[in-house]
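Residues -22 to -1, 1 to 348 (mature numbering (1 follows the signal peptide of the UniProt record, and there is no 0)) make up the sequence shown, in order.
Just so it is clear, CB atoms sit at the ideal spot from N, CA and C, and this is done for glycine as well.
Taking it in order: structure first as structure tokens, then the write-up.
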Amino acid sequence: MMWRPSLLLLLLLLLFRRGAQGKPSPDAGPHGQGRVHQAAPLSEAPHDDAHGNFQYDHEAFLGREVAKEFDQLSPEESRARLGRIVDRMDRAGDGDGWVSLAELRSWIAHTQQRHIRDSVSAAWNTYDTDRDGRVGWEELRNATYGHYAPGEEFHDVEDAETYKKMLARDERRFRVADQDGDSMATREELTAFLHPEEFPHMRDIVIAETLEDLDKNKDGYVQVEEYIADLYSAEPGEEEPAWVQTEREQFRDFRDLNKDGRLDGSEVGHWVLPPAQDQPLVEANHLLHESDTDKDPRSLAHGKAIATTLSRHRLELTLQTTPRSFVASSTVSLYRKGGLFSLSASPTSARQKRPEAELPRVAEIPRLTW
């Protein structure tokens, strides 16, 4: 019989299948989305716990591709792998044997960024031609544009001026990403170069590049017609589609915040890099809340059989893994207590558990290093 994981295996290193409707976003629809940088969704599945569909939580915690792998695992292997994730999450934080809201949030954010890490890894292999563990500006330039002697750039291609502008723009972005100014990009700096929308210190360069693309009359602003021209190019005699008028209204109602009929740099930034909800934090809070099914402020019960746990969709799970502080024969139980999840060992003798008074409290949500 095919074994299907349930909420408990995903809810905190354990979650396994875990939407609301509202007003359409000002950027809804096929137009107006191209320049807007949005965080990658945690899952494309509907967030529909109320009807027993926990796929959103499953993918938010594991990532879409890894979630597919887990669907094919036996219960034993699934529990073992989840246990390793539990230990990894705690190691990335304070390593105190407890998984906090901060650590859960950081793990979900780490999963959300997997596509970025994959793209950077592929680029790294292309750009780091001398394999010294860093990407120099010359390496990146030559890998992207080819080798040219000084002063002879693009002499052999049509529209050389366009390529020269692209090269200058890339170099400028590289210099901003290269925070230590050594002309050599670390992996983090290359990530900032390739995905500037993910880094606060790259915000100004994203805005500058957008202005350069749209501001055709070079007055330092984006006029409504420049905005429309980026979305739609009319053919002679063609009637303007209805969606274009909708975009004019979007410009007037949502983009032009100070209502002066044009977009300045601040308004361009608000448009292309809108304030984003902290999706990983929202999901972490959601998983913590949903795991406490009986709303008992005390810890959830231990020792349930795995089949009982699965059928009841409760967060009562003994994982077949071992934190580094316990012997190999131990098992790890996860339970919620005071807003945290605990990893406690029970090596067939008395269960070790931190006293309630020693529980740490989350004061802030740090960005952890994995």
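Query	Result
Boundaries of the alpha helix (DSSP H) in which D191 is found, first to last residue	R181 to L192
Between the CA atoms of Y105 and E117 - distance to the nearest angstrom	6 Å
Boundaries of the alpha helix (DSSP H) in which K143 is found, first to last residue	A138 to A155
Assigned secondary structure, Q201 (DSSP; H/G/I helix, E/B strand, else coil)	strand
Range of the contiguous alpha helix (DSSP H) that encloses N120	W115 to Y123
Reduced DSSP secondary structure (H/G/I, E/B, other) of L265	helix
Buried or exposed (CB count within 10 angstroms, at least 16 for buried), F319	The pLDDT assigned to F319 is 42, lower than 50, so where the model puts this residue is not dependable; a value taken from the coordinates is nonetheless given after this. Burial call: buried.
Exposure label - G316; buried when at least 16 CB within 10 Å	Note that G316 scores 40 on pLDDT, short of 50, meaning its location in the model is unreliable; the coordinates nonetheless yield the value given after this. It is exposed - the Cβ of G316 has fewer than 16 other Cβ atoms within 10 Å.
CB contact flag (T89, L51, <9 Å)	no
Alpha-carbon to alpha-carbon, F171 and M144	14 Å
Test item: CB-CB of R13 and T224 under 9 Å	no
Closest Cα partner of D182 within the set G247, Y210 and G114	G247
C-alpha distance - F232 paired with D242, whole-angstrom precision	13 Å
Beta-bridge partners of R240, as assigned by DSSP	Q201
Contact under 9 Å by Cβ, A138 with F152	no
Sheet register partners of M162 (DSSP bridge)	G114
Beta-carbon separation (whole angstroms), V184 vs L192, contact threshold 8 Å	Rounded, the Cβ-Cβ distance is 13 Å, inconsistent with contact.
Local conformation of Q33 per DSSP, three classes	helix
Contact under 9 Å by Cβ, H15 with V250	yes
Distance between K142 and V202 (C-alpha atoms, nearest Å)	28 Å
Check whether R112 and D148 have beta carbons under 9 Å apart	no
Assigned secondary structure, F48 (DSSP; H/G/I helix, E/B strand, else coil)	helix
A279 in three-state terms, based on DSSP	The pLDDT assigned to A279 is 29, lower than 50, so where the model puts this residue is not dependable; a value taken from the coordinates is nonetheless given after this. Coil, per DSSP.
P258 to V44 span [Cα, whole Å]	17 Å
Closest Cα partner of A254 within the set G129, E175 and W221	E175
At least 3 beta-carbon pairs within less than 8 Å: the region 125 to 134 vs the region 47 to 66	no
Distance, Q33 Cα to E227 Cα	37 Å
Straight-line Cα distance separating Q91 from D110	25 Å
Rounded straight-line distance, which links the Cα of G114 to that of R165	11 Å
Alpha carbon of K196 to alpha carbon of N236, nearest angstrom	20 Å
Per-residue DSSP class, three states only, for residue 349	Nothing can be reported for residue 349: it is not among the residues displayed for the chain, which extend from -22 to 348.
Endpoints, the alpha helix (DSSP H) within which A254 is located	Neither: A254 is in no alpha helix (DSSP H) and is coded neither H nor E.
Own chain, CB closer than 8 Å to H179, minus 5 neighbours either side, in chain order	V154, Q157 and A170
Distance between A146 and E136 (C-alpha atoms, nearest Å)	17 Å
Under 9 Å between C-beta atoms of I86 and E218	no
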